[in-house]
Amino acid sequence: MRVSLALVRWLPLAALVAVGGCKDETPETPGGSSDEGSGTTFAPASEGTSHGTAMGTEESGVLDEDSSGGHMGGGDCDMFAQDCMEGEKCVPWSELPDLMPDAIRCCPVAEPVAQAGDLCTLNGYLGSCIDNCAPGTMCFDFDGDGEGVCQEMCSGTAENPTCTNAPDDVCFIFWAGVPFCFSKCDPLVQDCPDGKGCYPDAIAEGGTGFLCMPTIGDQTLGEYCYLLSGCNPGMICATADLLPNCFGPAGDTGCCTDLCDITEVPDPCTNIHPEMECVPWYHQGAEPPSADLQNVGACVLPTVGGGA
Numbered sequence: 335m336r337v338s339l340a341l342v343r344w345l346p347l348a349a350l351v352a353v354g355g356c357k358d359e360t361p362e363t364p365g366g367s368s369d370e371g372s373g374t375t376f377a378p379a380s381e382g383t384s385h386g387t388a389m390g391t392e393e394s395g396v397l398d399e400d401s402s403g404g405h406m407g408g409g410d411c412d413m414f415a416q417d418c419m420e421g422e423k424c425v426p427w428s429e430l431p432d433l434m435p436d437a438i439r440c441c442p443v444a445e446p447v448a449q450a451g452d453l454c455t456l457n458g459y460l461g462s463c464i465d466n467c468a469p470g471t472m473c474f475d476f477d478g479d480g481e482g483v484c485q486e487m488c489s490g491t492a493e494n495p496t497c498t499n500a501p502d503d504v505c506f507i508f509w510a511g512v513p514f515c516f517s518k519c520d521p522l523v524q525d526c527p528d529g530k531g532c533y534p535d536a537i538a539e540g541g542t543g544f545l546c547m548p549t550i551g552d553q554t555l556g557e558y559c560y561l562l563s564g565c566n567p568g569m570i571c572a573t574a575d576l577l578p579n580c581f582g583p584a585g586d587t588g589c590c591t592d593l594c595d596i597t598e599v600p601d602p603c604t605n606i607h608p609e610m611e612c613v614p615w616y617h618q619g620a621e622p623p624s625a626d627l628q629n630v631g632a633c634v635l636p637t638v639g640g641g642a
């Protein structure tokens, strides 16, 4: 029986739609855990899921002024329109270094101004909203050293998002209700730039399957993980019931396992554990969004789970 693949439910940094109301007073560090529930059954591209949503779908949620979700950005400004005064940009802001934005606001752009893909500097922590990336971009600094790379934010509108710098990129809600542009990739080739890996977008309705997203942490094969992009490139974070000897500190913990080519003979997953098999990522009649993804699989136990 073919397994129904399951992924740890969280987006790389936080819940899909930013949480509202009170916040925990204890700051979390990048890669920290959450009590946001357990793993979710992997859904084929045709079914979609609310965890990991490509923009332009009904499930997508964009952070608004009161952090309750919405479609126009809210707060002081509009992230899509970038309608702040000259020398400022519209970005998410967080009072604490907990990777959970409290509002959308106009923040000053530091000098010298860097463009999408350029190296950047950050004043404070990720979410402090003060960096030297140009309007429409944000400095991704996940290791907290004050340096990172400018990541393009989506333009257009929530209903019709666009990626100006690379029209073929996909607008994806990556950071707690904030939409960014990421390029498509091949998980078996891992053709992403340094600092990024080819990770699943949770196969959201309208999604592409796999995107180049920043690697958060350095977990390797068999180590505990909480985040979709928390494992080293070439791996995914799968729920514990799909893997042998994965016993995390919480029920929603997963472990890193290898991606694999289902056509490879002999099965490469048996080298990891004799009970594991290379199980197709797209299964039970699900069609991959592109032909280059039809051989993608994951090393898991073949008899766990049921239909998607």
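Just add 334 to the spot in the sequence shown (first one is 1) and you have the working numbering. Every residue gets a Cβ at the ideal spot worked out from N, C-alpha and C, and that includes glycine. All values reported here derive from a predicted model rather than from experimental measurement.
message = Could you compute how far the alpha carbon of residue 439 sits from the alpha carbon of residue 411?
response = 6 Å
key: Bridge-paired residues (DSSP) for residue 489   = Bridge pairing for residue 489: 496 [DSSP].
Of the residues 542, 485, 489 and 501, the one placed nearest residue 527, counting alpha carbons only = Checking every option, the nearest Cα to that of residue 527 belongs to 485.
request  = Have a look at the DSSP bridge pairing and note the partners of residue 544.
outcome  = In the DSSP output, where bridge partners are listed per residue, residue 544 has 534.
key: Assigned secondary structure, residue 576 (DSSP; H/G/I helix, E/B strand, else coil)   = helix
query = Would DSSP call residue 726 helix, strand or coil?
reply = The first residue shown for the chain is 335 and the last is 642, placing residue 726 beyond what the model contains.
Cα-Cα separation between residue 422 and residue 523, rounded to whole angstroms = 39 Å
ask   = Around the C-beta of residue 576, are 16 or more other C-beta atoms found within 10 angstroms, so that it is buried, or is it exposed?
value = By the 10 Å Cβ count, residue 576 comes out buried.
key: residue 530 to residue 618 span [Cα, whole Å]   = 30 Å
message = Going by DSSP in three states, residue 446 sits in which element: helix, strand or coil?
response = strand
query = For the ligand HEM, is there a heavy atom less than 6 Å away from the beta-carbon of residue 447?
reply = Looking at this structure, you won't find the ligand HEM or any other ligand, since it has none at all.
query = Is the stretch 476-484 close to the stretch 506-520, with three or more CB pairs under 8 Å?
reply = no
task = Can you say whether residue 632 is buried or exposed, counting buried as having 16 or more other CB atoms within 10 angstroms of its CB?
result = buried
Whole-Å CB distance - residue 555 paired with residue 591, under 8 Å assumed = 7 Å
request  = Please state if the CB of residue 547 and the CB of residue 581 are separated by a distance shorter than 7 Å.
outcome  = The answer is no: Cβ separation not under 7 Å.
message = Going by C-alpha to C-alpha distance, which of 464, 627 and 449 sits closest to residue 441?
response = A check of alpha carbon separations from residue 441 across 464, 627 and 449 identifies 464 as the nearest.
key: Residue range of the unbroken beta strand (DSSP E) whose run includes residue 611   = 611-614
query = When DSSP labels each residue in this structure, what does residue 521 get in the three-state scheme?
reply = coil
request  = Name, in chain order, the residues that DSSP records as bridge partners for residue 425.
outcome  = 439
ask   = Hey, how far is the Cα of residue 487 from the Cα of residue 435?
value = 15 Å
key: From 446, 425 and 477, residue whose alpha carbon lies closest to that of residue 512   = Proximity to residue 512 across 446, 425 and 477 peaks at 425, based on C-alpha coordinates.
ask   = If we ignore side chains and look at the alpha-carbon of each, how far apart do residue 574 and residue 594 end up?
value = Looking at the two C-alpha atoms, the distance is approximately 18 Å.
query = Since residue 605 is in the beta strand (DSSP E), which residue starts that stretch and which ends it?
reply = That residue, residue 605, is in no beta strand (DSSP E); it is neither H nor E in DSSP.
ask   = Rounded to a whole number of angstroms, what is the C-alpha to C-alpha distance between residue 494 and residue 462?
value = 28 Å
query = Where DSSP assigns a beta bridge to residue 591, which residues make up the other side?
reply = 570
ask   = Does the separation of the CB atoms of residue 662 and residue 578 fall below 7 Å?
value = Here the chain comprises residues numbered 335 to 642, so residue 662 is not present and cannot be evaluated.
Local Cβ density within 10 Å of residue 472, reported as buried at 16 or more and exposed below that = buried
query = So, is residue 614 buried or exposed, given that buried needs 16 or more other C-beta atoms within 10 angstroms?
reply = buried
task = Can you tell me which of the three DSSP states residue 457 falls into?
result = Coil at residue 457, not helix or strand.
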